[in-house]
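Presented below is the structure to which this report refers.
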Amino acid sequence: MSTRYTGARVTRNEDPALLCGRGLFVDDIHLPRLAHAAVLRSPHAHARIVRIDTRRARAARAVVAVLTHADLGDLGGPLPRLIPHPALVHHKTQQALASTTVRYVGEAVALIVAESRYAAEDALDLVDVEYAPLPAAVGLEDAVAPSAPLVHEDAGTNVCARYTQRVGDVERAFAGAPRRFRERLVMDRGTASPLETRGIVAAWDPRARLLEIWDSTQAPIPIRNGLAAMFGLPQTNVRVVAPDVGGGFGPKVMMFYPEEILVPLAAQRLGRPVKWIEDRREHFVATNQEREQIHDAEIALDGTGRILGVRTVFLYDAGAYCPYGLIVPIVAGTTLPGPYHVPNYHCEF
Numbered sequence: 001m002s003t004r005y006t007g008a009r010v011t012r013n014e015d016p017a018l019l020c021g022r023g024l025f026v027d028d029i030h031l032p033r034l035a036h037a038a039v040l041r042s043p044h045a046h047a048r049i050v051r052i053d054t055r056r057a058r059a060a061r062a063v064v065a066v067l068t069h070a071d072l073g074d075l076g077g078p079l080p081r082l083i084p085h086p087a088l089v090h091h092k093t094q095q096a097l098a099s100t101t102v103r104y105v106g107e108a109v110a111l112i113v114a115e116s117r118y119a120a121e122d123a124l125d126l127v128d129v130e131y132a133p134l135p136a137a138v139g140l141e142d143a144v145a146p147s148a149p150l151v152h153e154d155a156g157t158n159v160c161a162r163y164t165q166r167v168g169d170v171e172r173a174f175a176g177a178p179r180r181f182r183e184r185l186v187m188d189r190g191t192a193s194p195l196e197t198r199g200i201v202a203a204w205d206p207r208a209r210l211l212e213i214w215d216s217t218q219a220p221i222p223i224r225n226g227l228a229a230m231f232g233l234p235q236t237n238v239r240v241v242a243p244d245v246g247g248g249f250g251p252k253v254m255m256f257y258p259e260e261i262l263v264p265l266a267a268q269r270l271g272r273p274v275k276w277i278e279d280r281r282e283h284f285v286a287t288n289q290e291r292e293q294i295h296d297a298e299i300a301l302d303g304t305g306r307i308l309g310v311r312t313v314f315l316y317d318a319g320a321y322c323p324y325g326l327i328v329p330i331v332a333g334t335t336l337p338g339p340y341h342v343p344n345y346h347c348e349f
């Protein structure tokens, strides 16, 4: 006799430990000689970095290391392009630490490692960064205006892709439709705000050449593969553990965040474990936000209300960089018709 699960109430086997306070999250990982990291972030949406003086921070009590872009070596280049697409005109990714220009509020500029989180956070104020502010396009429509300041000067445009999805004969459907409606739909950008922010612990065993990572992520295997490639290690020498994750909602499946490079690098350089835990303010400026779109949409109906066609042209905000290609706008265009039969459809972004 087989067990039926369809329609049955299935008990979750992970609940007792979580409800009784026995969960294991990244911040619960404590290793011998554990050091703590903090990230200095840009206060500007767009600025040139004129100079960085880390001497006072390096001399501060309990500070173990200070890293800027100049200290990253081979890991200082652009982070991986994860999902290329032929429609991309340019495919910009950020550096683990900004070198010459910051392009959003919260972009990582320096990493401080200290004996305690308190010491690391305090030492952030001792790093002297001179910025030359640049004009910034802070609105979606402002960014595509002819006079908009360029986020990436070498790209020549703030538009990184144009793409069209189409089925049927939309023009004919609209031309013969007795009823047509048009509306502008504005969707604001949102942040995930899980109960647990992002966090990473990294440990390096030089004898075994083993890099161990505990990461509040929903993508441990791709992160392992990427770190192995970037650090020049076999995949078997990189171990990424995703312990209990206190919510994700999208951003924790993304990669690579700068901290996923910086914390393992610091652990390897120092020969001791390093922990970084994102605070809530950091989460609002440094963890991926999504979904800001402006749609100019139209629908064509026959006399009974049956859909003859739908068309939309929309803008999508990818942010200052575009490591994930066109996944979100393509998904938006694909799902826009919803559960309805739409024989003629045109989507352009």
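Note that full-length UniProt numbering gives residue 323 to position 323 of the sequence shown, counting from 1, and the numbers run on in steps of one.
The C-beta atom is built at its ideal place from N, Cα and C for all residues, glycine as well.
Rounded straight-line distance, which links the Cα of residue j to that of residue i
i: ALA208; j: GLY156; result: 47 Å
i: ASP244; j: MET254; result: 17 Å
i: ALA114; j: THR3; result: 55 Å
i: PHE25; j: ALA148; result: 43 Å
i: THR312; j: VAL151; result: 26 Å
i: ARG198; j: THR100; result: 26 Å
i: ASP15; j: GLN289; result: 29 Å
i: VAL238; j: GLY226; result: 10 Å
i: PHE249; j: ALA177; result: 40 Å
i: PRO135; j: ALA17; result: 51 Å
i: VAL285; j: GLU278; result: 11 Å
i: GLU107; j: ALA229; result: 24 Å
i: HIS283; j: GLY319; result: 15 Å
i: GLU121; j: VAL66; result: 12 Å
i: VAL167; j: ALA161; result: 20 Å
i: GLY305; j: ARG48; result: 55 Å
i: VAL144; j: GLY309; result: 28 Å
i: PRO86; j: TYR104; result: 26 Å
i: TRP204; j: PRO343; result: 57 Å
i: ALA8; j: PRO43; result: 52 Å
i: PRO234; j: CYS347; result: 43 Å
i: PRO76; j: ARG22; result: The residue you asked about is not Pro; residue 76 is Gly in the sequence shown. Distance between the alpha carbons of GLY76 and ARG22: 39 Å.
i: ALA59; j: ASP215; result: 30 Å
i: residue 364; j: LEU140; result: As shown, the chain starts at 1 and ends at 349. That puts residue 364 outside it, with no answer to give.
i: ALA57; j: ASN13; result: 47 Å
Counted within 10 angstroms of its Cβ, other Cβ atoms place residue i as buried (16 or more) or exposed
i: ALA70; result: exposed
i: PRO118; result: Per the sequence shown, the amino acid found at residue 118 is Tyr instead of Pro. Exposed.
i: VAL127; result: buried
i: PHE349; result: buried
i: ASN158; result: buried
i: HIS30; result: exposed
i: LEU211; result: buried
i: VAL10; result: exposed
i: TYR5; result: exposed
i: ARG224; result: buried
i: CYS20; result: exposed
i: LEU265; result: buried
i: THR236; result: exposed
i: SER193; result: exposed
i: ASP74; result: exposed
i: VAL240; result: buried
i: VAL64; result: buried
Short Cβ contact (9 Å threshold) for residue i with residue j
i: TYR340; j: VAL170; result: no
i: VAL129; j: LEU72; result: no
i: LEU326; j: ALA297; result: no
i: PRO251; j: ALA202; result: no
i: LEU270; j: LEU97; result: no
i: LEU301; j: ARG172; result: no
i: TYR163; j: PRO329; result: yes
i: THR191; j: THR287; result: yes
i: GLU196; j: ASP27; result: yes
i: VAL109; j: ILE52; result: yes
i: GLY333; j: GLN165; result: yes
Contacting residues, own chain, Cβ-Cβ under 6 Å from residue i (five flanking each side not counted)
i: GLN293; result: MET187, PHE314, TYR316
i: ALA62; result: ALA114, GLU115, ALA119
i: HIS295; result: LEU185, THR312, PHE314
i: residue 369; result: What is shown of the chain runs 1 to 349, which leaves residue 369 out entirely.
i: VAL50; result: GLU130, ALA132
i: ILE299; result: PHE181, VAL310
Cβ neighbours of residue i in the same chain (closer than 7 Å, five flanking residues each side left out)
i: VAL138; result: ALA45
i: LEU124; result: ALA38, LEU40, ILE112
i: PRO84; result: HIS91, GLY325
i: PRO222; result: MET255
i: ALA219; result: VAL253, MET255
i: ASP142; result: ALA148
i: ARG280; result: THR197
i: PRO206; result: GLY271
Other residues of its chain near residue i: CB distance less than 8 Å, five sequence neighbours each side excluded
i: THR93; result: PRO78, LEU79, PRO80, ARG81, TYR321, CYS322, PRO323
i: ILE307; result: ILE299, ALA300, LEU301, TYR340, HIS341, VAL342, PRO343
Closer than 9 Å to chain D by CB, residue i
i: ASP71; result: No chain D appears in the structure shown, which is made up of a single protein chain.
Requested in this report: At 3 residues or longer, and completely inside the segment 204–262: list those beta strand (DSSP E) runs for me, N to C.
Outcome: Fully enclosed beta strand (DSSP E) runs of 3 or longer: 210–215, 238–241.
Query raised in the report: Enumerated in chain order, which unbroken segments of the alpha helix (DSSP H) with a length of 4 residues or greater are wholly contained in the segment 66–154?
Result: Inside the segment 66–154, DSSP marks whole alpha helix (DSSP H) runs of 4 or more residues at positions 117–124, 140–143, from first to last along the chain.
**Report entry** Ordered list of beta strand (DSSP E) runs contained in the segment 272–339, each at least 3 residues
**Finding:** Unbroken beta strand (DSSP E) runs of no fewer than 3 residues, entirely contained in the segment 272–339, are found at 274–277, 293–301, 307–316, following chain order.
**Report entry** Whole runs of the alpha helix (DSSP H) within the segment 7–45, excluding any shorter than 4 residues
**Finding:** Runs found: 15–19.
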